[in-house]
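Chemist: 437 is the number that UniProt numbering gives the last residue of the sequence shown; the numbers go up by one with no jumps. Virtual Cβ for every residue (Gly too), placed ideally from N, Cα, C.
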Amino acid sequence: MAAQQKGDLSSAERKILQVIAAGDVQEAAQLLASEEVRVNCLDEYGMTPLMHAAYKGKADMCRLLLQHGANVNCNQHEYGYTALMFAGLSGRTDITSMMLDAGAETNQVNSVGRTAAQMAAFVGQHDCVTVINNFFSLAKLEFYTRPHGLEREPRLPPTLAGPLHRIIMTTNLNPVKIVLLVKENPVLVNVAALEKCHQVMDLLCEQCVKQQDMNEVLAMKMHYISCVLQKCLAFLQKRDDKLDALVKSLLKGRDSDGFPQYQEKFIRDCIRKFPYCEATLLQELVRSIAPVEIGNDPTAFSVLNQAITGQMAFVDANYCATCGERGADKRCSLCKAVTYCSLSCQKLHWFAHKNMCRCLQEQDADLEKDSPKLKELKDDESDLVMETANFLQELCLRAEEQVAAAGGCPAELRAFPPPLLRDLHSPKTEATAQQGP
1 MAAQQKGDLS
11 SAERKILQVI
21 AAGDVQEAAQ
31 LLASEEVRVN
41 CLDEYGMTPL
51 MHAAYKGKAD
61 MCRLLLQHGA
71 NVNCNQHEYG
81 YTALMFAGLS
91 GRTDITSMML
101 DAGAETNQVN
111 SVGRTAAQMA
121 AFVGQHDCVT
131 VINNFFSLAK
141 LEFYTRPHGL
151 EREPRLPPTL
161 AGPLHRIIMT
171 TNLNPVKIVL
181 LVKENPVLVN
191 VAALEKCHQV
201 MDLLCEQCVK
211 QQDMNEVLAM
221 KMHYISCVLQ
231 KCLAFLQKRD
241 DKLDALVKSL
251 LKGRDSDGFP
261 QYQEKFIRDC
271 IRKFPYCEAT
281 LLQELVRSIA
291 PVEIGNDPTA
301 FSVLNQAITG
311 QMAFVDANYC
321 ATCGERGADK
331 RCSLCKAVTY
341 CSLSCQKLHW
351 FAHKNMCRCL
361 QEQDADLEKD
371 SPKLKELKDD
381 ESDLVMETAN
391 FLQELCLRAE
401 EQVAAAGGCP
411 AELRAFPPPL
421 LRDLHSPKTE
431 ATAQQGP
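(1) Express the C-alpha separation of THR159 and VAL187 in angstroms, rounding to a whole number.
(2) Helix, strand or coil, according to DSSP, for TYR262 in the structure here?
(3) Grouping DSSP H, G and I as helix and E and B as strand, with all else coil, what is THR339?
(4) Give the range of the alpha helix (DSSP H) segment to which SER97 is assigned.
(5) Count the C-beta pairs between the segment 128–148 and the segment 325–334 that are closer than 8 Å, then say yes if the count reaches three, no if not.
(6) Counting along the chain, where does the alpha helix (DSSP H) carrying HIS52 start and finish?
(7) Whether or not the segment 29–41 and the segment 53–73 are in contact is what I'm after, with contact meaning three or more pairs of Cβ atoms, one per stretch, closer than 8 Å; do they touch?
(8) Hey, could you find the ends of the alpha helix (DSSP H) HIS223 is sitting in?
(9) Does DSSP put LYS196 in a helix, in a strand, or in coil?
(10) Give the DSSP-derived three-state secondary structure of GLU398 in the structure shown.
(11) With burial defined as no fewer than 16 other Cβ atoms inside 10 Å of the residue's Cβ, what is the status of TYR79: buried or exposed?
(12) Answer with buried or exposed for HIS148, where buried requires no fewer than 16 other C-beta atoms within 10 angstroms of its C-beta.
(13) How is LYS252 classed by DSSP in three states: helix, strand or coil?
(14) Should PRO427 go down as buried or exposed, given a rule of 16 or more other Cβ atoms within 10 Å for buried?
(15) Look at the Cβ atom of ALA121, then the Cβ atom of THR106, and state whether they are nearer than 8 Å.
(16) Looking at the structure shown, is ARG155 part of a helix, part of a strand, or coil, going by DSSP?
(17) Who are the near neighbours of ALA193 in its chain, counting only those whose CB is closer than 8 Å to its CB and skipping five residues on each side?
(18) Compare the Cα-Cα distances from ALA59 to each of GLY258, LYS354, ALA87, VAL37 and report the closest residue.
(19) Measure the Cβ-Cβ separation of THR339 and ALA352 and say whether it is below 8 Å.
(20) When DSSP labels each residue in this structure, what does LYS330 get in the three-state scheme?
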């Protein structure tokens with residue numbers, strides 16, 4: 001079969017590019033059903049319909065094109081861009097995940113030697129960078145759902161592959177968030193299920209270290225998730241059927257400042273238990289965390305999160321005080337100092353926050369009390385300012401009338417406002433009028 005030529009498009013193929021830009025999924029489906037449209041046709045720049053849809057952020061259109069067999073790894077673009085690169089540039093994490101699930105290669109580079117993650121980082125799409133860097137194929141996990149060699153049964157029941165893969169793919173490594181993900185899947189809230197899951201996570205960790213291209217970051221993530229699952233298992237064995245006691249233990253803060261000591265110690269313990277002491281990443285984590293006293297910055301979670309996901313704590317971002325989810329937009333109605341991503345998270349955290357809420361309210365009240373306030377003019381002072389302004393304005397009007405009666409003024413003088421009028425409307429005069437004598 002002859003290679004496709006750039007710009008060799010039929011009228012129907014040119015039309016589908018317009019339909020993609022408009023976002024009309026139904027018309028696009030009708031065009032794709034006809035024989036006149038090739039799903040991987042190339043425009044004059046070497047872009048396929050999938051690239052157009054990914055760059056324009058059309059998720060439904062991308063899904064439709066993939067269902068019709070669009071090549072997610074086509075790199076015929078004039079600068080070597082792929083659909084994954086365009087998805088990262090668009091800033092749409094859902095489309096980025098869709099390309100990855102369809103088999104997009106993360107290591108493919110463009111004409112300047114940049115990968116999709118590097119291109120997304122260049123334009124500030126850090127959420128897409130995190131999705132790409134933390135991608136783990138479901139097929140790799142499904143390998144353990146089938147018996148191999150002398151095994152009589154698979155290491156992981158097929159029903160657990162989906163829920164466990166969702167936990168692996170999460171970019172929020174807060175231990176409370178991972179425990180909540182376990183609670184959301186009843187099949188995981190089981191001693192036998194958690195036993196198998198954490199064993200598979202240990203195998204994946206070992207595989208990441210011993211493979212030809214050692215991936216220390218992914219190995220640390222697998223180990224950390226395994227530790228959280230083992231902690232869930234331990235609490236289930238203590239008759240904590242719904243893992244509520246574990247969530248409260250992770251959220252409970254110390255009396256002095258509400259800092260979650262148990263959570264900090266748990267994360268430090270997870271890092272300490274990493275079985276491969278020669279790993280460079282482990283040594284860097286230890287050097288960053290060991291000198292820091294518990295309760296001070298940086299916390300073990302912030303250091304671990306930056307190392308694994310590449311996300312730094314953005315100053316302008318709000319994080320949920322319960323699960324650590326970024327973009328929390330709900331605040332405590334009393335102290336206005338703590339943010340949450342949902343009402344359920346606020347309810348979970350209230351037992352720990354209520355002790356500090358009053359202190360935060362008092363601190364806020366003290367700040368308002370000590371903040372400087374603008375001087376308020378008294379009634380007689382305000383009247384005096386208005387009288388002065390009116391008097392100056394009358395003088396200006398009289399001067400203008402006298403000039404007009406005298407036959408006008410020279411052109412060079414008309415280019416400038418009268419001195420009194422200029423002074424009256426100057427910022428300095430207005431500020432003086434507001435402050436009073």
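Modeler: This is what the structure holds:
(1) 8 Å
(2) helix
(3) strand
(4) Looking at the DSSP string, the run of the alpha helix (DSSP H) that includes SER97 is 93–101.
(5) no
(6) In the DSSP annotation of this structure, the continuous segment of the alpha helix (DSSP H) that includes HIS52 starts and ends at 49–55.
(7) yes
(8) Going by DSSP, HIS223 is part of the alpha helix (DSSP H) stretching over 216–237.
(9) helix
(10) Note that residue 398 is Arg in the sequence shown here, rather than Glu. Helix at ARG398.
(11) exposed
(12) exposed
(13) coil
(14) Any answer about PRO427 is weak, because its pLDDT of 46 lies below 50 and its placement is not dependable; what the coordinates show is given next. Flag for PRO427 reads exposed.
(15) no
(16) coil
(17) PRO157, LEU160, VAL187
(18) Selected option, being the one with the closest Cα: ALA87.
(19) At least 8 Å separates the beta-carbon of THR339 from that of ALA352.
(20) strand
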